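Student:
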Amino acid sequence: DAGITQSPRYKITETGRQVTLMCHQTWSHSYMFWYRQDLGHGLRLIYYSAAADITDKGEVPDGYVVSRSKTENFPLTLESATRSQTSVYFCASKGTGWETQYFGPGTRLLVL
Amino acid sequence: SQQGEEDPQALSIQEGENATMNCSYKTSINNLQWYRQNSGRGLVHLILIRSNEREKHSGRLRVTLDTSKKSSSLLITASRAADTASYFCATDDNDTGGFKTIFGAGTRLFVKA
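Chains as they are written, first to last, in this note's numbering: chain A, 1 to 112; chain B, 1001 to 1113.
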């Protein structure tokens, strides 16, 4: 199906474990983004990517790692999960700098 | 702090009434966007207004932009229960050529049937 998808939709993990959240888009958009959404903070940018193999830090990158080996995929890895990383994670993409972003459905992550 | 800040944080109205949400931002912008988020879902784009535009309409939505005051408003006319959602304004960061979009904390709208 065309669009932007995220997997898993729900994840429960334990402190210290590594977790990878997947994001896939079918539009061949150049730009991709990872946000986390927490009550009282709105959406905060974790990492973004302008193209394959080009990534950069956003507002809250600590504890996260990203890669972009293919244009359509932008996985987000929590190297050693902490309880403060319990959140809803959204992936988004857009074609150019001044266009609308399209969001995935989100991944709800609970770190115990 | 957030580039875009919405006001009010929460709004409760009766079906059929109009809902107005405001957004303020701090830096120069190329455009300003409004998004809606239904509970448990991702954000959906509603409308984009460019910095050289003052007003834009889309169905029951009306957006205004005042770049001198660095503010925007979203008006939803004749609201429906289905309009219950959170609404976010967002601005593209000029310093990165619009690459990064900065979101406000959102306004939660509740429309009572």
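Ideal Cβ positions, reconstructed from N, Cα and C, are used throughout, including at glycine. On a predicted model such as this, the values are computed, not experimentally measured, just so you know.
1. Kindly indicate if chain A contains any beta-carbon less than 8 Å away from that of B/G1104.
2. Any C-beta of chain A sitting closer than 8 Å to the C-beta of B/F1088?
3. For B/W1034, list the residues DSSP reports as bridge partners.
4. Taking B/I1076 and B/A1113 to be in contact with their CB atoms under 8 Å, please state how far apart those CB atoms are, rounded to whole angstroms.
5. Do three or more CB pairs link the segment 1030-1049 of chain B to the segment 1072-1090 of chain B at distances below 8 Å?
6. Report back the beta-carbon spacing between A/G42 and B/A1105 to the nearest angstrom; my notes put them in contact at under 8 Å.
7. Could you tell me which residues DSSP puts in a beta bridge with B/N1022?
8. For a cutoff of 8 Å on Cβ pairs, would you count B/T1067 as touching chain A?
9. Measure from the alpha carbon of A/S93 to the alpha carbon of each residue in A/Y48, A/D56 and A/R36, then state which is nearest.
10. Who are the near neighbours of B/T1064 in its chain, counting only those whose CB is closer than 7 Å to its CB and skipping five residues on each side?
11. Name the chain A residues that come within less than 7 Å of B/L1048, Cβ to Cβ?
12. Just to confirm, does A/E79 get its C-beta within under 7 Å of one of the non-hydrogen atoms of the ligand GDP?
13. Go through its chain and collect everything with a Cβ distance to A/G106's Cβ below 6 Å, but skip five positions before and after it.
14. Here's a check: name, in chain order, each residue in its chain whose Cβ is nearer than 8 Å to the Cβ of A/R83, leaving out the five neighbours to either side.
15. Here's a check: name, in chain order, each residue in its chain whose Cβ is nearer than 6 Å to the Cβ of A/I4, leaving out the five neighbours to either side.
16. Would B/L1075 pass as an interface residue toward chain A - the criterion being a Cβ-Cβ separation below 8 Å?
17. Could you pull out every unbroken beta strand (DSSP E) segment of at least 3 residues lying fully inside the segment 47-82 of chain A, listed in chain order?
18. Short of 6 Å in beta carbon distance, which residues of its chain neighbour B/S1058, apart from the five on each side in sequence? Order them along the chain.
19. To the nearest angstrom, report how far apart B/E1017 and A/T77 are at their CA atoms.
20. Can you find a C-beta in chain B that's less than 8 Å from the C-beta of A/H41?
Tutor: On the basis of the data shown:
1. Taking 8 Å as the CB threshold, B/G1104 lines the interface with chain A.
2. yes
3. B/I1047 and B/C1089
4. Incorrect: roughly 15 Å between the Cβ atoms, too far for contact.
5. In short, these stretches touch, since the Cβ pair count reaches three.
6. Between B/A1105 and A/G42 the Cβ distance is about 4 Å, and since that is below 8 Å, they are a contact.
7. B/D1007 and B/S1073
8. Not an interface residue.
9. A/Y48
10. R1054, E1055, S1072 and S1073
11. T100
12. With respect to small molecules bound, the structure shown includes none, and the ligand GDP cannot be examined in it.
13. So the list reads V88 and F90, once near-sequence residues are dropped.
14. These residues qualify, in order along the chain: T15, V111 and L112.
15. Shown here for A/I4: same chain residues with a beta carbon closer than 6 Å to its own, the five before and five after excluded, namely Q25, S93, Y102 and G104 in chain order.
16. no
17. 54-57, 64-66 and 76-78
18. I1047
19. 45 Å
20. yes
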